[in-house]
Amino acid sequence: MTRLATACALGSALCACGGEEAPAVLDLEIAGVGFMTPESVLHDPDADVYLVSNINGDPFEKDDDGFVSRLSPDGRVLALRWIDGASESVDLDAPKGMAILGDELWIADIDQLRRFDRTSGAQKPSIPIPGATFLNDVAVGPDGVIHVTDSGFAPGFTATATDAIWRVEITGGTPKLVTLARGEELAHPNGLCSGARDLFCVDWEKGEFVMISATGKREAPLKLPHKQLDGLVRTETARWFASSWEGRCIYEISPKGDVTARIKEIDQPADIGYDAKRSRLLIPLFGSDSVLVKKI
34 MTRLATACAL GSALCACGGE EAPAVLDLEI AGVGFMTPES VLHDPDADVY
84 LVSNINGDPF EKDDDGFVSR LSPDGRVLAL RWIDGASESV DLDAPKGMAI
134 LGDELWIADI DQLRRFDRTS GAQKPSIPIP GATFLNDVAV GPDGVIHVTD
184 SGFAPGFTAT ATDAIWRVEI TGGTPKLVTL ARGEELAHPN GLCSGARDLF
234 CVDWEKGEFV MISATGKREA PLKLPHKQLD GLVRTETARW FASSWEGRCI
284 YEISPKGDVT ARIKEIDQPA DIGYDAKRSR LLIPLFGSDS VLVKKI
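This is the structure in structure tokens:
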């Protein structure tokens with residue numbers, strides 16, 4: 034069942050009373066539709082659909098039962114298991130962060146970068162990341178280079194000291210892997226977003242929003258009020274939004290560095306996405322198997 038927020042209910046009331054045409058839906062809660070541990074939501078602007086990665090169980094287990102759902106912006110489920118690890122033709126264990134590069138959808142999956150055709154969902158060769166234990170988020174830079182975080186966790190969320198940000202270049206069809214940054218000072222790097230030259234990241238342990246330079250240095254760290262930061266997105270107006278499990282909220286970070294809890298009292302907000310066409314935050318709720326869509 035898709036539950037519409039107050040704005041939609043108000044619109045229905047206006048129609049019933051013979052008033053003006055109902056306004057567009059501002060907020061949605063998509064629940065009870067079959068999501069299983071949703072970890073990330075991504076807007077594909079070309080197809081104008083929302084993609085939801087579903088871990089479907091243990092985020093560390095290589096059980097080949099993860100899947101990706103495909104939604105319309107009004108909350109309808111177009112295909113619950115559009116990409117399905119249970120299919121013989123698909124390998125997908127515990128999908129987390131996603132990004133689009135050209136005609137490919139890239140997904141972080143424990144120690145593999147999975148690649149799929151953006152239109153058909155057909156799988157392409159995966160890229161193993163040597164030594165990785167918990168690949169978490171993926172970002173594409175303006176130069177077409179992929180970056181992925183390894184949060185450095187083992188089952189039970191014990192530290193593995195593999196904390197890293199990897200750079201992946203595809204040259205002539207062959208991937209070239211470079212460790213951009215590595216070390217426990219990364220504090221379990223999680224959400225990742227590309228800027229014009231640098232990367233931006235939020236971490237789980239310290240609760241910091243940081244810039245990662247082209248040489249892999251952590252610069253200009255900004256401490257947020259709570260830790261356990263997960264997703265990170267940037268809007269076209271240079272506002273940043275970061276999700277916090279500890280804070281049970283979505284923080285807004287202004288271009289000047291002012292921090293405000295914009296969306297409050299939500300449990301386990303994971304890797305958020307952004308729909309620039311509609312100015313919406315797309316919020317997977319990890320523990321309640323649902324997705325919130327919030328106008329900002």
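Going left to right, the sequence shown walks through residues 34 to 329 as this note's numbering numbers them.
Using N, Cα and C, we set each Cβ at its ideal position, and we do this for glycine too.
Bear in mind that the values here come from a model prediction, so they are computed numbers and not experimental data.
Straight-line Cα distance separating Val173 from Gly206
17 Å
Assuming Gly99 and Leu125 form a contact by the criterion Cβ under 8 Å, report the distance between their Cβ atoms to the nearest whole angstrom.
4 Å
Pairwise C-alpha distance: Glu202 and Pro208:
6 Å
Contact check, Glu279 vs Lys260 under 8 Å by CB: the rounded distance?
5 Å
Where Glu298 falls, given that 16 or more other Cβ within 10 Å makes a residue buried
exposed
For the beta strand (DSSP E) holding Ser153, just list the boundary residues, first then last.
For Ser153, there is no enclosing beta strand (DSSP E), as DSSP marks it with neither H nor E.
Quick one, are the C-beta atoms of Asp176 and Ala197 less than 7 Å apart?
no
Which of the three DSSP states, helix, strand or coil, is assigned to Thr212?
strand
Please give me, in chain order, every unbroken run of the beta strand (DSSP E) with length at least 3 that falls completely inside the region 236-273.
241-245, 251-256 and 262-267
Which of the three DSSP states is assigned to Leu125 in this structure?
Of the three classes helix, strand and coil, the one that applies to Leu125 here is coil, per DSSP.
Taking DSSP as the reference, what is the three-state secondary structure of Glu137?
strand
Can you give the beta carbon distance from His180 to Leu146, rounded, assuming they're within the 8 Å contact cut?
Taking a contact as a CB-CB distance under 8 Å, the pair His180 and Leu146 does not count as one, their CB atoms being some 11 Å apart.
Could you have a look at Leu59 and say whether DSSP puts it in helix, strand or coil?
coil
Should Lys289 be labelled buried (16 or more other beta-carbon atoms within 10 Å of its own) or exposed?
exposed
Helix, strand or coil: which one does DSSP assign to Glu298?
coil
Per-residue burial, Leu111 [other beta carbons within 10 Å of its own, 16 or more giving buried]:
Exposed is the call here.
Buried or exposed, going by whether 16 or more other CB atoms sit within 10 Å of the CB of Gly154?
buried
Taking Cβ positions, are Arg281 and Asp304 nearer each other than 7 Å?
no
Cα-Cα separation between Arg215 and Pro92, rounded to whole angstroms
22 Å
Whole-angstrom distance between Arg311 and Ala294, CA atom to CA atom:
21 Å
Determine which residues share a DSSP beta bridge with His180 and list them.
The partner list for His180 (beta bridge, DSSP) reads Ala172 and Arg200.
Using the three-state DSSP reduction, which class does Glu217 fall into: helix, strand or coil?
helix
Let's test the definition: count the other Cβ atoms within 10 Å of the Cβ of Gly118 and tell me whether it reaches 16, buried, or not, exposed.
buried
Counting only beta-carbon separations shorter than 7 Å, does Ala275 have a partner in chain C?
Although the question refers to chain C, the structure presented lacks it and comprises just one protein chain.
For Glu54, I'd like the list of residues in its chain whose CB is within less than 6 Å of its CB, leaving aside the five on either flank, ordered along the chain.
Below a pLDDT of 50, predicted positions are generally treated as unreliable, and Glu54, at 41, falls in that range; the measurement from the model is reported next regardless. The answer is none, since no qualifying residue turns up.
Continuous beta strand (DSSP E) stretch holding Lys328: start and end:
Ser323 to Lys328
Just curious, the beta strand (DSSP E) that Trp115 is in, first and last residue?
For Trp115, the enclosing beta strand (DSSP E) stretches over residues Val110 to Asp117.
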